[in-house]
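Chemist: Each residue of the sequence shown is one higher than the one before, starting from 267 at the first, in the numbering used here.
Quick reminder that beta carbons are idealized off the backbone N, C-alpha and C, glycines included.
My questions all concern the structure below.
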Amino acid sequence: MAKLHLTCREATELLSRGLDQPLGRPERMALWLHLIICRGCSHFGRNLRVLRDRIVTGVRAGTVSSSAQMLSAAARARIGALFGNAHKPRDQ
267 MAKLHLTCRE ATELLSRGLD QPLGRPERMA LWLHLIICRG CSHFGRNLRV LRDRIVTGVR
327 AGTVSSSAQM LSAAARARIG ALFGNAHKPR DQ
């Protein structure tokens with residue numbers, strides 16, 4: 267059974283992992299309890315979700331920022347595949 271009291275480090279790791287895969291019920295409960303009392307981790311979780319949503323939106327729209335243009339075509343394809351994007355990367 268997961269412990270109920272999480273450190274901020276453990277909470278941020280669960281927040282990050284929770285974006286990629288479902289968390290178990292004990293992990294969700296411990297994280298929920300931590301987020302109730304920790305404003306910093308609550309803000310981190312909200313910012314992490316906003317960042318993820320903006321990246322997904324940009325990838326789906328086919329827009330590429332100047333920093334992403336520095337990535338190789340293969341790297342952009344791998345990132346696109348992670349977000350379920352059928353868009354083929356543009357060769358620069």
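1. Would you kindly check if the distance between the Cβ of residue 299 and the Cβ of residue 289 is under 8 Å?
2. Taking a contact to mean a Cβ-Cβ separation below 8 Å, would you say residue 307 touches residue 301 in this structure?
3. Nearest-angstrom Cα distance between residue 293 and residue 326?
4. Taking the Cβ atom as the reference point for each residue, do residue 285 and residue 318 lie within a distance shorter than 8 Å?
Modeler: A quick look at the data gives this:
1. no
2. yes
3. 31 Å
4. yes
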